[in-house]
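Protein chains in written order, with the working numbering: chain A, 10 to 122; chain B, -8 to 202. Everything on this sheet refers to the single structure shown next.
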Amino acid sequence: MPLWFARGLRRGIVTTRYPARPDSSAADLPTPPAFRAGMLDHRLADRLVAVCPSQALHRDGDVLVFDVGRCTTCGRCQEAAPGAVRPSGEFELAGTSRAQFVKKIRLLPEAGR
Amino acid sequence: MSARRATLGDGSGTRRAAASPAGRAPGGEEALAEQVRQRVARQFGRSLHIRTLDTGSCAVCEQEIRLLGAPHYDLHRLGFFFTPAPRHADLLMVTGPMIRAFDVAARKTYQAMPGPKLVVATGACALGGVYPADAFVHGAVDEILPVDVWIPGCPPSPLALLQGLLVAVDRLAEKVSGLTFTAGEAARPPAPMAGAPPARPGEAPAREAES
């Protein structure tokens, strides 16, 4: 049972105090993935790119480019690589320029070269 | 983009330049930007009316927007109100991938709004995530309208929408440019990870103090 519901029953007030105080229900929100860069090589990155349904990921040489704006938090990348990809826990994602959403994640260098 | 904003005369582009430390303009420009920022804050009175515009979304964004008026989120306590007419609106909240059949209606809605006005692109569709540009959709809202604030999420939760609205009126600072979305590295010392609630108070007091 969410905390706000219990608080509401007790005090008759259900309204969140966000943004002055953090909201307890924020922990349950689906959030975009965070990547463990030390575990991502080219092959795994390519698999994540293939599994992403919303073109939020693409690989540019040794860099995995993650467009947070396009991410639908579907969790498929986390399913494909549970160790290397985890929920970031960030939900306050509004930005004032489109470029802020494009994140570059450095991959492990290719072993063969 | 910035030239287009300047012709619209809403000053929001300049306001943003003052707000972001990265794009700091030298000397006189900065002072001018600060003046414009204060004018926008005064004109909006930190309370404003929102018109929503559905450009082909699946309506889940609308469900989340509707929840903003529910007792738990209570949008009105923060001075935001929904209005049925663009002529009464200060902020246009656009959802959906901007279908081409909606071009005329979207432009008319934007033009009907009195200035200064803000456009908020809401949801992954509006940010170009779900539908790539093709014969039927533009693929992203900023292809057609000058967007001021982008709120990602599919759908964005009401809390994310609240944060986006507060960013749009400069009552909260945006956070996303500081996030790296990497884990296991010391990019951000106390990285909130896996299921841990991002227990962090809003940055409102600091912003309130400076104005």
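Built from N, CA and C at the ideal position, the CB exists for glycine as well. All values reported here derive from a predicted model rather than from experimental measurement.
| message | Can you check whether the C-beta of L4 of chain A is within less than 7 Å of a C-beta belonging to chain B? | response | Given a span of 10 to 122 for chain A in the structure shown, any question on residue 4 of chain A remains unanswerable.
| query | Excluding the five sequence neighbours on either side, which residues of its own chain have a C-beta within less than 8 Å of the C-beta of V23 of chain A, listed in chain order? | reply | Reading the first sequence from its first residue, position 14 is the one you call residue 23 of chain A. Excluding positions up to five away in sequence, the list reads W13, F14, R16, G17.
| task | Please confirm whether L116 of chain A and L49 of chain A have their CB atoms less than 7 Å apart. | result | The sequence position of residue 116 of chain A within the first sequence is 107, counting from 1. The sequence position of residue 49 of chain A within the first sequence is 40, counting from 1. Yes, they are a contact pair.
| Taking Cβ to Cβ, would you say C52 of chain B is nearer than 7 Å to T86 of chain B? | Numbered from 1 along the second sequence, position 61 holds the residue referred to as residue 52 of chain B. Numbered from 1 along the second sequence, position 95 holds the residue referred to as residue 86 of chain B. Contact: yes.
| field | Partner residues on chain A for C145 of chain B, Cβ-Cβ distance less than 8 Å | value | On the second sequence, residue 145 of chain B is found 154 positions in, with the first residue counted as 1. Simply S63, C80, T81, T82, C83.
| request: Can you have a look at G98 of chain A and say buried or exposed, based on whether 16 or more other CB atoms are within 10 angstroms of its CB? | output: Counted from its first residue, the first sequence places residue 98 of chain A at position 89. G98 of chain A should be labelled buried.
| query | Could you give the C-beta distance for S168 of chain B and G84 of chain A, rounded to a whole number, given that I count them as a contact under 8 Å? | reply | On the second sequence, residue 168 of chain B is found 177 positions in, with the first residue counted as 1. On the first sequence, residue 84 of chain A is found 75 positions in, with the first residue counted as 1. The Cβ separation is near 24 Å, so there is no contact.
| said: Short of 7 Å Cβ to Cβ, which residues in the region 160 to 173 of chain B face chain A? | reply: L163, E165, K166, V167, S168, L170, T171, F172, T173
| query | Helix, strand or coil for M205 of chain B per DSSP? | reply | Residue 205 of chain B lies beyond the stretch modelled for chain B, which goes from -8 to 202, so this question has no answer here.
| request: Determine, using beta-carbon pairs with one atom in the region 97 to 112 of chain B and one in the region 57 to 68 of chain B, whether at least three such pairs fall under 8 Å. | output: no
| query | Taking the C-alpha atoms as reference points, what is the distance between P11 of chain A and P62 of chain B? | reply | Here the question's residue 11 of chain A lines up with position 2 in the first sequence. Here the question's residue 62 of chain B lines up with position 71 in the second sequence. Each residue's Cα considered, the two are about 15 Å apart.
| Quick one, which of A:Q64, A:G92, A:P41 has its alpha-carbon nearest V121 of chain B's? | Walking along the second sequence from the start, residue 121 of chain B turns up at place 130. Closest option to V121 of chain B, Cα to Cα, is A:Q64.
| When you compare only the Cα positions, how much space is there between L73 of chain A and A54 of chain A? | For the purposes of this step, residue 73 of chain A is taken as residue 64 along the first sequence, with counting starting at 1. For the purposes of this step, residue 54 of chain A is taken as residue 45 along the first sequence, with counting starting at 1. Each residue's Cα considered, the two are about 7 Å apart.
| query | For R57 of chain B, which option in B:G19, B:S148, B:R91 has the closest C-alpha, if you only look at C-alpha atoms? | reply | As a position in the second sequence, residue 57 of chain B is number 66, starting the count at 1. Checked all of B:G19, B:S148, B:R91; the closest Cα to R57 of chain B is B:S148.
| message | Counting only C-beta atoms, is G19 of chain B closer than 7 Å to chain A at any point? | response | In the second sequence, residue 19 of chain B corresponds to position 28, counting from 1. For G19 of chain B, the answer is no, since every Cβ of chain A falls outside 7 Å of its Cβ.
| field | Opening and closing residue of the beta strand (DSSP E) in which R115 of chain A lies | value | As a working note, residue 115 of chain A is residue 106 in the first sequence. Where R115 of chain A is concerned, the enclosing beta strand (DSSP E) stretches over 111 to 115.
| said: Quick check: what's the CA-CA separation for V138 of chain B versus L59 of chain B? | reply: Mapped onto the second sequence, residue 138 of chain B falls at position 147. Mapped onto the second sequence, residue 59 of chain B falls at position 68. Cα to Cα, the separation comes out at about 21 Å.
| query | Under three-state DSSP, which class holds A54 of chain A? | reply | Your numbering for residue 54 of chain A matches position 45 in the first sequence. Residue state, collapsed to three classes: helix.
| query | Between the C-alpha atoms of G47 of chain A and H129 of chain B, what's the straight-line distance to the nearest angstrom? | reply | Locating residue 47 of chain A in the first sequence gives position 38, counting from the first residue. Locating residue 129 of chain B in the second sequence gives position 138, counting from the first residue. Their Cα atoms are separated by approximately 37 Å.
| said: Taking a contact to mean a Cβ-Cβ separation below 7 Å, would you say A35 of chain A touches F100 of chain A in this structure? | reply: By 1-based counting over the first sequence, the position of residue 35 of chain A is 26. By 1-based counting over the first sequence, the position of residue 100 of chain A is 91. Cβ distance < 7 Å, so A35 of chain A and F100 of chain A count as in contact.
| field | Presumed contact (8 Å Cβ cut-off) between I135 of chain B and A97 of chain B, rounded CB distance | value | Taking the second sequence and counting its residues from 1, one reaches residue 135 of chain B at position 144. Taking the second sequence and counting its residues from 1, one reaches residue 97 of chain B at position 106. At roughly 6 Å, the Cβ-Cβ gap stays under 8 Å, so I135 of chain B and A97 of chain B are in contact.
| request: Taking only the alpha-carbon atoms, compute the straight-line gap between R95 of chain A and T173 of chain B and give it to the nearest angstrom. | output: Numbered from its first residue, the first sequence carries residue 95 of chain A at position 86. Numbered from its first residue, the second sequence carries residue 173 of chain B at position 182. Looking at the two C-alpha atoms, the distance is approximately 9 Å.
| said: What would DSSP say about I41 of chain B, mapped onto helix, strand or coil? | reply: As a working note, residue 41 of chain B is residue 50 in the second sequence. If DSSP states are grouped into helix, strand and coil, I41 of chain B belongs with the strands.
| request: Identify every residue that forms a DSSP beta bridge with M84 of chain B. | output: Here residue 84 of chain B is taken as the residue at index 93 of the second sequence, counted from 1. B:T43, B:V111, per the DSSP bridge assignment.
| message | Could you compute how far the alpha carbon of R19 of chain A sits from the alpha carbon of T25 of chain A? | response | Here the question's residue 19 of chain A lines up with position 10 in the first sequence. Here the question's residue 25 of chain A lines up with position 16 in the first sequence. Each residue's Cα considered, the two are about 14 Å apart.
| field | C-beta contact flag for L163 of chain B and L157 of chain B at 7 Å | value | Here residue 163 of chain B refers to the residue found at position 172 of the second sequence. Here residue 157 of chain B refers to the residue found at position 166 of the second sequence. Yes, they are a contact pair.
| query | So which residues of chain E does L57 of chain A contact, with C-beta pairs closer than 9 Å? | reply | Included in the structure are the protein chains A and B, with no chain E among them.
| Do you know how far the Cα of R56 of chain A is from the Cα of P77 of chain B? | The residue labelled residue 77 of chain B in the question sits at position 86 within the second sequence. The residue labelled residue 56 of chain A in the question sits at position 47 within the first sequence. If I take the Cα positions, the gap works out to 45 Å.
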